[in-house]
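Here is the structure we will look at, set down as structure tokens.
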Ligand SMILES: Cc1cc2nc3c(=O)[nH]c(=O)nc-3n(C[C@H](O)[C@H](O)[C@H](O)COP(=O)(O)OP(=O)(O)OC[C@H]3O[C@@H](n4cnc5c(N)ncnc54)[C@H](O)[C@@H]3O)c2cc1C
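Residue numbers (the numbering used here): 530 to 894.
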């Protein structure tokens with residue numbers, strides 16, 4: 530599989546790298562106490578990054594998963610908290626709204642996601658079940674044109690900042706995985722409460738939240754039939770985006786280690802001049818490059834996970850990575866070509882005073 534980045538992808542990575550290295554890195558410690566990085570989010574919104582998963586018709590870039598992963602990787606090299614906050618706007622929750630919410634909700638919420646004015650939270654985990662989605666107890670009962678939501682979710686990121694909660698819930702008490710669907714809730718809904726806060730080693734705050742007879746309009750029930758399969762499909766995106774943040778963190782740590790072994794001297798020599806230390810770095814580098822290879826390959830093999838089952842014939846989706854050279858190139862992650870992307874990146878390049886055409890720097894020992 531060819532991991533050659535397109536010119537557009539290189540310009541995008543370069544613009545985000547300039548912002549992250551030039552501005553986020555110096556302030557990263559500031560957000561370790563749970564403070565939400567509003568300042569950084571505004572800057573990312575200005576260059577279009579928060580709209581990576583929002584379709585173009587709502588002002589976003591509609592980028593494929595691979596491009597989104599590249600951007601998150603760059604941000605995570607300097608500031609984990611900002612990378613996680615960006616994932617909140619580019620991850621499963623945005624894709625669920627963009628794919629399943631009625632038009633009125635999409636038109637109201639998605640442009641605000643792009644501008645950074647509506648932070649999203651995804652609520653899956655419950656106190657007794659995380660990965661075991663089929664055992665969730667949160668329940669949404671349909672009564673005429675209303676939906677009544679009850680339950681508790683935990684370890685929820687951005688619960689104090691979110692303007693919209695995307696909630697995986699049982700519908701009408703139907704048991705098992707077939708009973709799982711999805712509702713949307715806004716934080717001013719009576720009966721909604723943030724009931725706990727946990728500070729993590731990474732700096733983020735996670736929260737417990739409760740829904741006590743929260744009454745929602747029926748249009749907020751966005752996934753009802755065949756919900757589990759649809760939600761898992763949407764969640765496949767996340768399986769590539771969370772690891773891109775891990776990869777960026779590892780690269781950031783490697784860069785720090787490399788600088789340290791160059792600067793630190795013992796017995797008149799930099800410690801990086803001793804072979805034992807070089808071996809350690811070589812091992813780190815090997816693991817990073819292995820992770821990158823697996824991740825990029827996974828990203829390029831899915832392109833648009835929600836749409837695969839909806840509009841993309843399975844035979845074409847599975848043939849693509851191993852097809853003819855022509856098919857392979859049409860499968861590269863840059864092929865969506867969002868119309869406003871070049872404009873936004875050129876703004877970013879001008880703002881940072883860097884050439885937009887420069888190729889990305891690769892980590893090297
Ligand atoms: C930084 C951070 C942010 C988070 N943000 C959110 C958020 O915004 N929204 C949200 O809903 N949740 C969030 N979570 C929670 C996260 O999604 C859950 O922790 C995760 O789903 C795992 O659930 P659990 O902790 O209940 O573990 P469990 O599901 O109880 O799993 C425990 C262990 O068993 C293993 N295991 C599970 N199933 C199997 C299996 N079938 N076979 C073998 N081993 C298995 C798991 O790998 C794990 O090691 C966040 C977590 C973290 C750390």
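Glycine included, each C-beta is placed from N, C-alpha and C at the ideal position.
Excluding the 5 residues flanking it on each side, residue 639 has same chain C-beta neighbours closer than 6 Å at 583, 587, in chain order. Around the Cβ of residue 636, a 10 Å sphere holds fewer than 16 other Cβ atoms; the residue is exposed. Proximity to residue 713 across 766, 645, 631 peaks at 631, based on C-alpha coordinates.
Minimum Cα-Cα distance from residue 778 among the listed residues 671, 618, 613 corresponds to 613. Assigned with DSSP and collapsed to three states, residue 791 falls in helix. A Cβ-Cβ contact shorter than 8 Å links residue 654 with residue 682. Between residue 642 and residue 695, the C-beta spacing is not below 8 Å.
For residue 775, the CB contacts under 8 Å within the same chain, skipping 5 residues up- and downstream, are 605, 820 in chain order. Residue 569: member of the alpha helix (DSSP H) spanning 567-575, first to last residue.
Closest in C-alpha terms to residue 829, from the list 560, 571, 597, 607, comes 597.
The C-beta distance from residue 745 to residue 752 rounds to 14 Å, too long to meet the 8 Å contact threshold. Membership of residue 547 in the alpha helix (DSSP H) is indicated by the continuous run 536-548. Looking at the backbone, the Cα of residue 808 and that of residue 788 are separated by about 15 Å. In this structure, residue 695 has its beta carbon at no less than 7 Å from each heavy atom of ligand 1. The Cβ atoms of residue 770 and residue 735 do not sit closer than 8 Å to each other. Taking 8 Å as the cut-off, the Cβ atoms of residue 720 and residue 740 count as close.
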